[in-house]
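Trainee: Keeping their order, the protein sequence lines are chains W and D.
Here the first sequence stands for residues 1 to 432, numbered as in our numbering.
Here the second sequence stands for residues 433 to 864, numbered as in our numbering.
We treat Cβ as the ideally placed atom computed from N, Cα and C, and that holds for glycine.
As the structure is a computational prediction, the values presented were derived from the model and not from experiment.
There are 2 protein chains.
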Amino acid sequence: VASTNVAALNALLNPLHPADVADLLEQIDQRDRATLLFLWRDGIDGEILSELGDDLRSEVIDLLGPAELADAVRDLESDDVVDLVEDLGVDQQEQVLDALEAGNRVAVEKALAYPDESAGRLMQMEVVRAPSHWTVGQTIDFLRASDDLPEQFYHVILVDPRMKPVGYVTLGRLLGTPRLIHLTELLEDSFRTFRVDQDEEEVAYAFNQYHLISAPVVDEDDRLVGVITIDDAMIVLDDEHDEDILRLAGVDAESSLTDKVIATTKRRFPWLAVNLVTAIFASLIISLFEDTIATLVALAVLMPIVASMGGNAGTQSLTVAVRSIATKDLTGANVWRVIRREVLVGLVNGAIFAVVMGIVGWVWFGSPMLGLVIAIAMVINMVVAGLAGTGIPVLLEKMGVDPALASGAFVTTVTDVVGFFAFLGLAAVMLL
Amino acid sequence: VASTNVAALNALLNPLHPADVADLLEQIDQRDRATLLFLWRDGIDGEILSELGDDLRSEVIDLLGPAELADAVRDLESDDVVDLVEDLGVDQQEQVLDALEAGNRVAVEKALAYPDESAGRLMQMEVVRAPSHWTVGQTIDFLRASDDLPEQFYHVILVDPRMKPVGYVTLGRLLGTPRLIHLTELLEDSFRTFRVDQDEEEVAYAFNQYHLISAPVVDEDDRLVGVITIDDAMIVLDDEHDEDILRLAGVDAESSLTDKVIATTKRRFPWLAVNLVTAIFASLIISLFEDTIATLVALAVLMPIVASMGGNAGTQSLTVAVRSIATKDLTGANVWRVIRREVLVGLVNGAIFAVVMGIVGWVWFGSPMLGLVIAIAMVINMVVAGLAGTGIPVLLEKMGVDPALASGAFVTTVTDVVGFFAFLGLAAVMLL
Numbered sequence: 001v002a003s004t005n006v007a008a009l010n011a012l013l014n015p016l017h018p019a020d021v022a023d024l025l026e027q028i029d030q031r032d033r034a035t036l037l038f039l040w041r042d043g044i045d046g047e048i049l050s051e052l053g054d055d056l057r058s059e060v061i062d063l064l065g066p067a068e069l070a071d072a073v074r075d076l077e078s079d080d081v082v083d084l085v086e087d088l089g090v091d092q093q094e095q096v097l098d099a100l101e102a103g104n105r106v107a108v109e110k111a112l113a114y115p116d117e118s119a120g121r122l123m124q125m126e127v128v129r130a131p132s133h134w135t136v137g138q139t140i141d142f143l144r145a146s147d148d149l150p151e152q153f154y155h156v157i158l159v160d161p162r163m164k165p166v167g168y169v170t171l172g173r174l175l176g177t178p179r180l181i182h183l184t185e186l187l188e189d190s191f192r193t194f195r196v197d198q199d200e201e202e203v204a205y206a207f208n209q210y211h212l213i214s215a216p217v218v219d220e221d222d223r224l225v226g227v228i229t230i231d232d233a234m235i236v237l238d239d240e241h242d243e244d245i246l247r248l249a250g251v252d253a254e255s256s257l258t259d260k261v262i263a264t265t266k267r268r269f270p271w272l273a274v275n276l277v278t279a280i281f282a283s284l285i286i287s288l289f290e291d292t293i294a295t296l297v298a299l300a301v302l303m304p305i306v307a308s309m310g311g312n313a314g315t316q317s318l319t320v321a322v323r324s325i326a327t328k329d330l331t332g333a334n335v336w337r338v339i340r341r342e343v344l345v346g347l348v349n350g351a352i353f354a355v356v357m358g359i360v361g362w363v364w365f366g367s368p369m370l371g372l373v374i375a376i377a378m379v380i381n382m383v384v385a386g387l388a389g390t391g392i393p394v395l396l397e398k399m400g401v402d403p404a405l406a407s408g409a410f411v412t413t414v415t416d417v418v419g420f421f422a423f424l425g426l427a428a429v430m431l432l
Numbered sequence: 433v434a435s436t437n438v439a440a441l442n443a444l445l446n447p448l449h450p451a452d453v454a455d456l457l458e459q460i461d462q463r464d465r466a467t468l469l470f471l472w473r474d475g476i477d478g479e480i481l482s483e484l485g486d487d488l489r490s491e492v493i494d495l496l497g498p499a500e501l502a503d504a505v506r507d508l509e510s511d512d513v514v515d516l517v518e519d520l521g522v523d524q525q526e527q528v529l530d531a532l533e534a535g536n537r538v539a540v541e542k543a544l545a546y547p548d549e550s551a552g553r554l555m556q557m558e559v560v561r562a563p564s565h566w567t568v569g570q571t572i573d574f575l576r577a578s579d580d581l582p583e584q585f586y587h588v589i590l591v592d593p594r595m596k597p598v599g600y601v602t603l604g605r606l607l608g609t610p611r612l613i614h615l616t617e618l619l620e621d622s623f624r625t626f627r628v629d630q631d632e633e634e635v636a637y638a639f640n641q642y643h644l645i646s647a648p649v650v651d652e653d654d655r656l657v658g659v660i661t662i663d664d665a666m667i668v669l670d671d672e673h674d675e676d677i678l679r680l681a682g683v684d685a686e687s688s689l690t691d692k693v694i695a696t697t698k699r700r701f702p703w704l705a706v707n708l709v710t711a712i713f714a715s716l717i718i719s720l721f722e723d724t725i726a727t728l729v730a731l732a733v734l735m736p737i738v739a740s741m742g743g744n745a746g747t748q749s750l751t752v753a754v755r756s757i758a759t760k761d762l763t764g765a766n767v768w769r770v771i772r773r774e775v776l777v778g779l780v781n782g783a784i785f786a787v788v789m790g791i792v793g794w795v796w797f798g799s800p801m802l803g804l805v806i807a808i809a810m811v812i813n814m815v816v817a818g819l820a821g822t823g824i825p826v827l828l829e830k831m832g833v834d835p836a837l838a839s840g841a842f843v844t845t846v847t848d849v850v851g852f853f854a855f856l857g858l859a860a861v862m863l864l
């Protein structure tokens, strides 16, 4: 790549989609990246910058001169510029804003005034609207006559005289309808509006749930101020999913593959610290039974199996519960039914594995009573796993804590503690 | 709800969006559902059926009479009917197909002939196309004159005389351009086609990566046969995410909240069985050191901490790796850099927690050597966790196995075995 052949580089990179160029930049190492940008600085446009992760974007902006930066961002729509600058440092934000035309700059600054992760940040301000009393013919003539239609739009939004959106009509339907029909007869059922300060997560949920293509955004007086399109919602949905999946594993959702060692270490640290505390707690339970273990070392050999099976069953229940809460499928109406089901599943699977482990324990150490002890402990721990795996995320959600983030630590603590305590406690009572 | 008051029920349910009615049906129990459907059978339409999960949909179809079913599905587009019937049993599939008009039925049967989870299943066959030599004026006149435009369309697809798609034009741009301009001057950059037999996962990835709104689908001769829109791609993306997140936790991706106890038990069983085998394997390692543990029971108390920290660190690395593989950010080009980073992160965090645990072990059991042993074992296991957490998913991907499904079992086996072996082995050598 970095053979300093500018012509070959142009031939290679220019036909690529901006998203692919961004992926390429993310996959090569820092030195190659600097060389490539030096040779190919004219090729970087705003769309490539948009596709880069936050850390890398700021690195690339530092490598670009002010002139290239201005060229790069000039052609972007207001929502893309907002997305580009919102996570940059103040200095770099200034640099980008200075490169914009005055009108666009005002729009971007207005959007930046809305709260982080709100509908206001997500929307584009370029909207196509029509008075609600117009006919198809009037609307088509108006559209044909305007010379600054947004690059992408799918609906004409109908507004009343006070600029409140009352519905929308798809362009396809507009084109397929005689000129004299009124727009109000063509309104889509799926019409929904969002407020500028609504959380982008709710917006993405609604797009997904109601299969929206675009939706108007209104201010606190119900006046139309922008429009959110499905491609923006899809990006948010994708981010939320990533966040959930990473949080379930105890990884900070902001992390990315291009992070440095120190940044990554810091991001992994808190969860591991929590895990250390819970692991020590479980060890304290074991230490209650030191004498029991000293008498029968087989207990030390078998005890991790009980804890591990409980931990796995708990993680299964927990993951299903966290996903169902996120998609609003698990609510007050069915929570008891779901908990009952999870407990029964724990009982059935617990019973099956209890028989298997009972026989294994018996044969391995030649003690039927040891087999019975591990079997009973297994059933207890897997029932508890079902209960805790569903109950803990639901409780956390009620307390306003993100269940994806905190459930794992609590559930595995419960299954470790219950697993060790049930197994060693039963052994102390029944075997000694 | 089930107070047998039909008028009140109509007043309550009719204004709801089909997706919300479906959610309601999923959250009430089976008896309420039967009563509600009996009272409100006319209210069930095809869109509600589309929104239901597979098991529930088949339950509801059984409760509906043939006449209601025919009413319900008649107004759906071909891709929605395909989505509705593809996972039904053969009998119910026949019932639905019989309810369709002949033309629509042929389209649906043709789509069902494409492989499961392919672009052919996802696409709608209703497309709006224009010869590539047309002008804006000709196209607008053609659209205004047609009387069977699809309900939703966003692009006009340009085809050459052999029906091969060569590009597309957005309706917005069409409306904003003078009549004499040729369509070929308005083509969108983002144009991409899919083949009917392409995996829907690839389609969803491309929509997400290249911010597509719609894309033509071609057959093996490159002829246009349908179009996929972003709302279909968003559903696939959402499903894939769910699948990933559930598979990482060892839950069958097909499971849903409304599954019965037996179905859920069966779906959770395989992963728990794998876990039992790996847990027994780890126990075998412990049993190698029975004499060591008998001499020093403190080892039994502390050993789960080493395994647990390694397991957590491994899960963190693994989740980042699985996500990065799914989004194609982790490739051959950067895999060594990422593995090196994960190993270094394991080394740094391992060192920090080694110091903490070394002191805890020393103070707790009054033995500085025991503290040293647990500290060294901790560093070893967390480095191995970084290596295995990244290396195993990459290897599984190369072998054509879904890394989300199988990585967890391998990684925790490695961290358990290495954790127990390093800690107990070091203890045997250094302490006795």
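How would you list, in chain order, the residues of chain W whose beta-carbon sits under 9 Å from the beta-carbon of E722 (chain D)?
Mentor: On the second sequence, residue 722 (chain D) is found 290 positions in, with the first residue counted as 1. Ordered by position in chain W, the residues that pass the 9 Å Cβ test against E722 (chain D) are V297, A298, A300, V301.
Trainee: Between P736 (chain D) and chain W, is any beta-carbon pair separated by less than 8 Å?
Mentor: For the purposes of this step, residue 736 (chain D) is taken as residue 304 along the second sequence, with counting starting at 1. Judged by the 8 Å Cβ criterion, P736 (chain D) is in contact with chain W.
Trainee: Could you tell me which residues DSSP pairs with Q393 (chain D) in its beta bridges?
Mentor: Examination of residue 393 (chain D) is not possible in this model, given that chain D is present from 433 through 864 alone.
Trainee: Output needed for D651 (chain D): all residues of its chain with C-beta closer than 7 Å, excluding positions within five of it in sequence on either side, in chain order.
Mentor: Position 219 of the second sequence holds residue 651 (chain D). Contacts found: V628, V657.
Trainee: Are the C-beta of Y600 (chain D) and some C-beta of chain W separated by less than 8 Å?
Mentor: Here residue 600 (chain D) refers to the residue found at position 168 when the second sequence is read from its first residue. For Y600 (chain D), the answer is no, since every Cβ of chain W falls outside 8 Å of its Cβ.
Trainee: Check whether the stretch 752-772 of chain D touches the stretch 793-806 of chain D, counting contact only when three or more Cβ pairs, one atom from each stretch, lie closer than 8 Å.
Mentor: Not touching, per the Cβ criterion.
Trainee: Let me check understanding here. Comparing Cα to Cα, which of W:R173, W:L158, W:E151 lies closest to G608 (chain D)?
Mentor: If you number the second sequence from 1, residue 608 (chain D) lands on position 176. Per the Cα distances, W:E151.
Trainee: Rounded to whole angstroms, what is the Cα-Cα separation between E558 (chain D) and D530 (chain D)?
Mentor: Reading the second sequence from its first residue, position 126 is the one you call residue 558 (chain D). Reading the second sequence from its first residue, position 98 is the one you call residue 530 (chain D). Approximately 21 Å between the Cα atoms of the pair.
Trainee: Run through chain D and tell me which residues come within less than 8 Å of Q27 (chain W), C-beta to C-beta.
Mentor: On the first sequence, position 27 is the one that residue 27 (chain W) refers to. D761, T763, A765, N766, listed in chain order.
Trainee: Does the ligand FAD have even one heavy atom less than 7 Å from the beta-carbon of M789 (chain D)?
Mentor: For the structure depicted, the ligand FAD is absent and the ligand set is empty, with no information on it obtainable.
Trainee: Return the residue from the list D:K830, D:G782, D:V843 that minimises the CA-CA distance to A820 (chain D).
Mentor: The sequence position of residue 820 (chain D) within the second sequence is 388, counting from 1. Looking at the Cα atoms, D:V843 is the closest of the given residues.
Trainee: List, in order along the chain, the chain D residues whose C-beta lies closer than 8 Å to that of G358 (chain W)?
Mentor: In the first sequence, residue 358 (chain W) corresponds to position 358, counting from 1. In chain order: nothing, as chain D lies at least about 12 Å away.
Trainee: Any C-beta of chain D within less than 8 Å: which residues of the stretch 305-320 of chain W qualify?
Mentor: Residues I305, A307, S308, M309, N312, A313, T315, Q316, L318, T319, V320.
Trainee: Quick one: what's got a C-beta closer than 8 Å to G521 (chain D)'s C-beta in the same chain, skipping five residues either side?
Mentor: Sequence index remark: in the second sequence, residue 521 (chain D) carries index 89 (1-based). Within the same chain, G521 (chain D) has close Cβ partners S490.
Trainee: Quick one: what does DSSP say V601 (chain D) is sitting in, helix, strand or coil?
Mentor: Numbered from 1 along the second sequence, position 169 holds the residue referred to as residue 601 (chain D). Here V601 (chain D) sits in strand by DSSP.
Trainee: Comparing C-alpha positions only, which one of W:I305, W:V320, W:R192 sits nearest to V418 (chain W)?
Mentor: Within the first sequence, numbered from 1, the residue matching residue 418 (chain W) stands at position 418. The option with the nearest alpha carbon to V418 (chain W) is W:I305.
Trainee: So, are the CB atoms of D73 (chain W) and A111 (chain W) less than 8 Å apart?
Mentor: Position 73 of the first sequence, counting from 1, holds the residue named residue 73 (chain W). Position 111 of the first sequence, counting from 1, holds the residue named residue 111 (chain W). It should be pointed out that residue 73 (chain W) corresponds to Val in this sequence rather than to Asp. Going by C-beta atoms, V73 (chain W) is not nearer than 8 Å to A111 (chain W).
Trainee: Which whole-angstrom value is the C-beta distance of Q630 (chain D) and A551 (chain D), which I expect to be below 8 Å?
Mentor: Position 198 of the second sequence, counted from the first residue, corresponds to residue 630 (chain D). Position 119 of the second sequence, counted from the first residue, corresponds to residue 551 (chain D). So it is a contact: roughly 5 Å between Cβ atoms.
Trainee: Please give me, in chain order, every unbroken run of the alpha helix (DSSP H) with length at least 4 that falls completely inside the stretch 492-568 of chain D.
Mentor: Entirely contained in the stretch 492-568 of chain D, the alpha helix (DSSP H) runs reaching 4 residues are, in chain order, 498-506, 510-517, 522-530, 534-544, 551-554.
Trainee: Taking L64 (chain W) and R41 (chain W) to be in contact with their CB atoms under 8 Å, please state how far apart those CB atoms are, rounded to whole angstroms.
Mentor: Looking up residue 64 (chain W) in the first sequence gives position 64. Looking up residue 41 (chain W) in the first sequence gives position 41. Contact flag correct, Cβ pair sits at about 6 Å.
Trainee: Taking C-beta pairs closer than 9 Å, name the residues in chain D that G250 (chain W) reaches, listed in chain order.
Mentor: The residue given as residue 250 (chain W) occupies position 250 in the first sequence. Simply N744, T747, Q748, T751.
Trainee: On the three-pair Cβ rule with 8 Å, is the stretch 379-393 of chain W touching the stretch 225-241 of chain W?
Mentor: Counting Cβ pairs under 8 Å, fewer than three are found: no touch.
Trainee: Could you check the C-alpha separation between L516 (chain D) and N208 (chain W) for me, to the nearest Å?
Mentor: Working through the second sequence from its first residue, we reach residue 516 (chain D) at position 84. Working through the first sequence from its first residue, we reach residue 208 (chain W) at position 208. Roughly 18 Å between the two C-alpha positions.
Trainee: In the DSSP output, which residue or residues are listed as bridge partners for P161 (chain W)?
Mentor: Counted from its first residue, the first sequence places residue 161 (chain W) at position 161. Per DSSP, none; premise fails for P161 (chain W).
Trainee: Please state if the CB of L501 (chain D) and the CB of Q527 (chain D) are separated by a distance shorter than 8 Å.
Mentor: To locate residue 527 (chain D), count along the second sequence from 1; it is residue 95. To locate residue 501 (chain D), count along the second sequence from 1; it is residue 69. Result yes, Cβ atoms of Q527 (chain D) and L501 (chain D) sit closer than 8 Å.
Trainee: Enumerate in chain order the residues of its own chain whose CB-to-CB distance from G46 (chain W) is below 8 Å, with the five nearest sequence positions on each side excluded.
Mentor: On the first sequence, residue 46 (chain W) is found 46 positions in, with the first residue counted as 1. Closer than 8 Å at the Cβ level, and outside the excluded window around G46 (chain W), lie A72, V73, R74, D75, L76, D80, V81, L84.
Trainee: Apply the 10 Å Cβ neighbour rule to Q462 (chain D) and answer buried if 16 or more other Cβ atoms are within range, or exposed otherwise.
Mentor: Your numbering for residue 462 (chain D) matches position 30 in the second sequence. Q462 (chain D) is exposed by the Cβ-count criterion.
Trainee: Report the neighbours of I645 (chain D) on chain W: residues whose CB is nearer than 9 Å to its CB, in chain order.
Mentor: On the second sequence, residue 645 (chain D) is found 213 positions in, with the first residue counted as 1. Under the 9 Å cutoff, chain W gives Q152, Y154, I213, T229, I230, D231.
Trainee: Do you know offhand how far E109 (chain W)'s Cα is from A102 (chain W)'s?
Mentor: Taking the first sequence and counting its residues from 1, the one referred to as residue 109 (chain W) is at position 109. Taking the first sequence and counting its residues from 1, the one referred to as residue 102 (chain W) is at position 102. Distance between the alpha carbons of E109 (chain W) and A102 (chain W) is about 11 Å.
Trainee: Below 9 Å on C-beta distance, what does V540 (chain D) contact in chain W?
Mentor: Residue mapping note: residue 540 (chain D) aligns to position 108 of the second sequence, counting from 1. What V540 (chain D) touches in chain W: nothing, since even the nearest Cβ is about 20 Å away.
Trainee: Measure the CB-CB distance between V217 (chain W) and M123 (chain W) and report whether it falls below 8 Å.
Mentor: As a working mapping, residue 217 (chain W) is identified with position 217 in the first sequence. As a working mapping, residue 123 (chain W) is identified with position 123 in the first sequence. Yes. Within cutoff.
Trainee: Please check the pair A860 (chain D) and N813 (chain D), which I expect to be a contact at CB under 8 Å, by giving their CB distance rounded to whole angstroms.
Mentor: Numbered from its first residue, the second sequence carries residue 860 (chain D) at position 428. Numbered from its first residue, the second sequence carries residue 813 (chain D) at position 381. The Cβ separation is near 17 Å, so there is no contact.
Trainee: For the stretch 622-709 of chain D, which segments carrying the beta strand (DSSP E) assignment without a break, of at least 3 residues, lie completely within its bounds, in sequence order?
Mentor: Runs found: 646-650, 656-661.
Trainee: Looking at T571 (chain D) and V588 (chain D), is the spacing between their C-beta atoms short of 8 Å?
Mentor: Here residue 588 (chain D) corresponds to residue number 156 of the second sequence, with the count starting at 1. Here residue 571 (chain D) corresponds to residue number 139 of the second sequence, with the count starting at 1. Closer than 8 Å, so yes.
Trainee: So which residues of chain A does G172 (chain W) contact, with C-beta pairs closer than 9 Å?
Mentor: Among the chains of the structure shown, chain A does not appear; the protein chains present are W and D.
Trainee: Tell me the rounded alpha-carbon separation between E201 (chain W) and S646 (chain D).
Mentor: Position 201 of the first sequence, counting from 1, holds the residue named residue 201 (chain W). Position 214 of the second sequence, counting from 1, holds the residue named residue 646 (chain D). Spanning the two alpha carbons is a distance of roughly 24 Å.
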